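So the structure is just underneath, and the comments pick up after that.
Residue numbers (my numbering), protein chains in the order written: chain A, 3 to 325; chain B, 9 to 292.
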């Protein structure tokens with residue numbers, strides 16, 4: 003369990019993490035989402051003490067990370083795949099990391115095998131591809147067989163097989179009652195992997211809820227209707243708060259009415275329905291809706307708005323903020 | 009890579025439970041970890057090899073030249089002054105190693121892995137220092153031993169080989185290793201402060217080689233400071249007393265062998281303390 007209370011980190015005038023409070027529960031995979039520069043990596047660095055909070059606290063299983071007797075057994079971290087000396091072989095890197103905690107060679111060989119690094123274990127890390135470096139980072143995180151896993155963009159640079167493997171690994175970890183906290187940019191991957199999502203934007207928590215809630219809350223549940231009498235049905239459904247779009251004859255896209263309500267209206271008017279399909283929004287839609295005001299480096303508006311640091315103080319979209 | 013066998017996670021973590029032993033941090037274990045890091049880099053092997061090569065090489069050259077000359081011109085103690093020259097050269101390699109041991113971790117990002125494993129941070133710094141000191145001292149002593157053997161070979165018949173029964177000779181021989189060790193630690197401390205290979209190396213070499221030459225400027229405050237510079241002070245330990253006495257009568261203080269060495273150690277202690285404080289405070 004990871005608990006952050008009022009966690010704040012400033013770098014000069016820039017507030018990277020702004021009064022963030024959340025709990026990452028054991029037995030679940032908790033996804034950490036946010037635009038570039040939102041404070042994800044900083045938050046993760048604060049958890050393992052690579053960075054010191056300006057204010058607030060963060061604990062892992064009740065203790066600050068550096069208070070644990072065996073930090074690597076408590077938390078396995080992958081924050082940066084390139085946090086390895088390029089002149090050392092993967093095996094020697096892991097051996098040195100393991101030695102700090104008295105973890106033996108057997109375990110080192112185990113994690114090498116688990117992450118599929120055997121063919122390159124004796125090669126120097128400098129020549130590794132991002133995918134291999136990523137595997138090495140994961141191997142290092144697993145050395146202590148930790149109760150908590152913190153992975154920053156673990157799927158970055160991995161081949162599809164590797165992505166699947168990471169997903170299975172973290173699901174397995176969570177299934178054993180361990181805590182898993184991972185960030186990712188790949189929204190579809192996150193939707194498949196995570197049980198719970200924390201969305202952060204401009205250093206603030208925008209949402210902290212189960213995946214289904216987040217997706218549902220994006221609201222945009224649309225119902226696709228196909229009827230030979232689409233025009234008539236559209237007239238009947240129209241009303242305040244209801245939006246109806248029709249791109250092709252016989253097809254309607256209705257927002258603001260449930261499938262059930264639409265079906266009942268159609269039945270009452272004795273209209274034929276060929277299809278009635280609720281289309282829930284994707285996690286990606288929900289994420290975009292949550293963070294649209296908070297994207298610091300928005301590609302479409304580049305050059306239009308100079309990045310005002312002071313804008314951090316403006317209330318970010320509070321829609322969906324639970325804390 | 010993609011063909012590598014990926015063992016399904018159901019067969020993976022915690023089945024073979026590593027927690028059978030006593031898994032936790034301890035200082036001896038951190039030292040062991042730093043020793044593994046130290047010996048598994050090529051730069052270590054190279055710089056230590058060069059240290060030995062430079063020392064033994066200079067001593068061999070000197071011995072061969074002296075041996076070829078007709079007369080053993082001076083007292084036997086004087087042949088040992090070649091170690092001053094040898095140490096002056098060898099310190100270049102030792103300084104590179106001292107700096108790289110710490111800045112190499114910053115330039116590659118390794119430091120984040122190190123500090124994530126040792127979140128209290130200072131034990132990692134001390135462990136690095138312990139490994140560096142032990143390695144440099146042992147290797148320097150080996151180089152000194154080889155050098156003495158070479159001198160014995162070339163100059164033994166002339167009675168010019170170092171006399172191991174002479175206390176000053178022994179002080180100079182051990183002093184050579186002590187000096188190189190302290191200089192390595194000095195470089196290490198500056199590396200820990202600056203966290204940048206090139207910057208730290210330039211600073212250390214500047215302090216050791218360039219700043220002392222400013223002492224020729226006849227400005228009194230400068231001349232008073234010069235004897236207390238790390239290189240000048242520390243190298244007193246491997247200077248024969250007769251040569252040291254020749255600098256008597258100058259403006260600045262003339263430090264004895266152990267006084268000078270103590271000054272170098274004081275430099276190291278102050279710099280390491282500052283480095284330790286900053287390591288605790290700064291973000292990795």
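In this text, a Cβ means the ideal position worked out from N, Cα and C, and glycines have one as well.
On a predicted model such as this, the values are computed, not experimentally measured, just so you know.
The straight-line gap separating the alpha-carbon atoms of residue 260 of chain B and residue 102 of chain A is approximately 48 Å. Scanning its chain for C-beta atoms nearer than 6 Å, with the 5 sequence neighbours on each side dropped, one finds around residue 149 of chain B the residues 185, in chain order. No Cβ of chain A is located within less than 9 Å of the beta carbon of residue 252 of chain B.
Chain-order list of chain A residues neighbouring residue 125 of chain B: 73, 74, 99, 102, 103, by C-beta distance under 8 Å.
Here the alpha carbon of residue 56 of chain B sits roughly 11 Å from the alpha carbon of residue 145 of chain B. Under a criterion of Cβ atoms nearer than 7 Å, the residues of chain A adjacent to residue 112 of chain B are, in order, 87. Segment contact: the segment 280-290 of chain A against the segment 173-189 of chain A, three or more CB-CB distances shorter than 8 Å; contact assigned. Per DSSP, reduced to three states, the secondary structure at residue 65 of chain A is strand. Using a CB distance cut-off of 9 Å, residue 79 of chain A counts as an interface residue toward chain B. Looking at the DSSP output, residue 5 of chain A sits in a beta bridge with A/25, A/61. In the structure shown, residue 188 of chain A falls within a coil segment according to DSSP collapsed to helix, strand and coil. What residue 203 of chain B touches in chain A, judged by beta-carbon distance under 8 Å, is nothing: the nearest beta carbon there is about 14 Å away. A distance below 8 Å between beta-carbons, with the five flanking residues on each side excluded, links residue 187 of chain B to the following residues of its chain, in chain order: 95, 99, 242, 243, 245, 246, 269, 272.
Assigned with DSSP and collapsed to three states, residue 155 of chain A falls in coil, not helix or strand. Between residue 23 of chain A and the set A/152, A/7, A/215, A/15, the nearest pair of CA atoms involves A/7. Residue 54 of chain A counts as exposed, since fewer than 16 other C-beta atoms from the protein chains shown sit within 10 angstroms of its C-beta. Between the alpha carbons of residue 248 of chain B and residue 92 of chain B lies a gap of roughly 9 Å.
Taking a C-beta distance under 9 Å as the contact criterion, residue 31 of chain A and residue 184 of chain A qualify as a contact pair.
Residue 52 of chain A reaches chain B at 120, 123, 124, 291, 292, counting residues in chain order whose Cβ is nearer than 8 Å.
In this model, residue 290 of chain A and residue 98 of chain A are separated by some 42 Å (Cα to Cα). A/195 is the residue among A/163, A/159, A/165, A/195 whose C-alpha sits nearest the C-alpha of residue 176 of chain A. In the DSSP assignment, residue 277 of chain A falls outside any alpha helix (DSSP H) and within the unbroken beta strand (DSSP E) covering 277-281. Burial check for residue 254 of chain B: the Cβ neighbour count within 10 Å stays below 16, so the residue is exposed.
The segment 103-115 of chain A makes no contact with the segment 157-174 of chain A: fewer than 3 CB pairs, one atom from each, lie closer than 8 Å. For the 9 Å CB-CB criterion, residue 205 of chain B and residue 59 of chain B do not form a contact. Taking a Cβ-Cβ cut-off of 7 Å, the neighbours of residue 84 of chain A in chain B comprise 117, given in sequence order.
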